[in-house]
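Heads up: the sequence shown at position 164 corresponds to 164 in the working numbering, and the numbers run straight through without jumps.
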Amino acid sequence: MFQDRRDAGRQLVGQLGHYRNQPDVVVLALPRGGVPVAYEVAEALHAPLDVLIVRKIGMPGHEEFAIGAIASGGTRVMNTQVVEGYRVPEAAIEAIAEKEKRELERRERSYRNGRPPLALQGKTVLLVDDGLATGASMRAAVQAIRQFEPAKIVVAVPLASPDTCEEFRTGVDEVVCAVTPVPFYAVGQGYVDFSQTTDEEVHRLLRRAVGQKGAGT
Numbered sequence: 001m002f003q004d005r006r007d008a009g010r011q012l013v014g015q016l017g018h019y020r021n022q023p024d025v026v027v028l029a030l031p032r033g034g035v036p037v038a039y040e041v042a043e044a045l046h047a048p049l050d051v052l053i054v055r056k057i058g059m060p061g062h063e064e065f066a067i068g069a070i071a072s073g074g075t076r077v078m079n080t081q082v083v084e085g086y087r088v089p090e091a092a093i094e095a096i097a098e099k100e101k102r103e104l105e106r107r108e109r110s111y112r113n114g115r116p117p118l119a120l121q122g123k124t125v126l127l128v129d130d131g132l133a134t135g136a137s138m139r140a141a142v143q144a145i146r147q148f149e150p151a152k153i154v155v156a157v158p159l160a161s162p163d164t165c166e167e168f169r170t171g172v173d174e175v176v177c178a179v180t181p182v183p184f185y186a187v188g189q190g191y192v193d194f195s196q197t198t199d200e201e202v203h204r205l206l207r208r209a210v211g212q213k214g215a216g217t
């Protein structure tokens, strides 16, 4: 059990030590829950921290069940098997996607606060979230990152469904899932405190990370 997301990040670092002090490493967090985890990872590895905004597309009427996701840059990934199996209307998908796009753009403006994204071409990119359930958001993140031509993509999470963790091994260069409980019910099962991460906490941690890099720490 992790006490909270920052504790999870500190424990995840134990499996990422080979990336410490590597000048080509960039840590990208999936907000909001991934930011406290990624902050601890970036601080321990002495790597810059940035965010990649991803919004899941939920099943109409059951929004917590992801049938796809969108990411910064216009990337969209859909679980076609689920969409076709449940006969989800295209119009419903488009309506949800448009709503999530507006929220994505709001967060992009809010979290960056005028800062340009970090350069990713030729870099080793560590994509960090607080856990993997269906993996929809992370798949969208991976697809979005590929367009920037990184040298290596690493998916790193404290907790994951064993099946989802295994699925990613064929899609990226490295997968680090610190804990893969069986049976797996939800990401929150691995946390004592899984309360929602706020925009204020995201802003605070990103400002702190930028300040530390500027100070050379």
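Ideal Cβ positions, reconstructed from N, Cα and C, are used throughout, including at glycine.
- A straight line joining the alpha-carbon of Val175 with that of Cys165 spans about 7 Å.
- Around the Cβ of Ala119, a 10 Å sphere holds fewer than 16 other Cβ atoms; the residue is exposed.
- Under the DSSP definition of a beta bridge, Phe65 lacks any partner.
- Pairing Pro183 with Gly114, the inter-Cα distance amounts to about 43 Å.
- DSSP, read as helix, strand or coil, puts Ala97 in helix.
- DSSP places Thr124 in the uninterrupted beta strand (DSSP E) bounded by 124 to 128.
- Under the 10 Å beta carbon count, Tyr111 is surrounded by 16 or more other beta carbons and is classified as buried.
- In this chain, the beta strand (DSSP E) harbouring Val25 covers 25 to 29.
- Counting C-beta pairs closer than 8 Å gives fewer than three between the stretch 90 to 110 and the stretch 129 to 145, which falls short of the contact rule.
- Between the alpha carbons of Val192 and Ala8 lies a gap of roughly 11 Å.
- Between Val154 and the set Leu12, Ala92, Arg207, Ser195, the nearest pair of CA atoms involves Leu12.
- For Arg76, the enclosing beta strand (DSSP E) begins and ends at 75 to 78.
- Leaving aside the five residues that flank Gly73 on each side, the residues in its chain whose CB is nearer than 6 Å to its CB run, in chain order, Ala144.
- For Ala156, the three-state secondary structure derived from DSSP is strand.
- Cα atoms of Val187 and Phe168: separation of roughly 17 Å, rounded to the nearest angstrom.
- In the assembly as shown, Lys99 is an exposed residue. Its beta-carbon has fewer than 16 other beta-carbons within 10 Å.
- By the criterion of at least three beta-carbon pairs nearer than 8 Å, the stretch 156 to 164 is not in contact with the stretch 197 to 210.
- Beta-carbon to beta-carbon, Ala140 and Val77 are separated by about 4 Å, close enough to satisfy the 8 Å threshold.
- Of the residues Gln121, Gly68, Ala209, the one whose Cα lies closest to the Cα of Gln81 is Gly68.
- A residue is called buried when at least 16 other Cβ atoms come within 10 angstroms of its Cβ; Tyr185 does not meet this threshold and is exposed.
- The alpha-carbon separation between Gly58 and Ile93 amounts to approximately 8 Å.
- DSSP, reduced to helix, strand and coil, places Tyr39 within a helical segment of the structure shown.
- Cβ contact annotation for Pro150 (same chain, cutoff 6 Å, sequence separation greater than five): Leu120, Lys123, Val125, in chain order.
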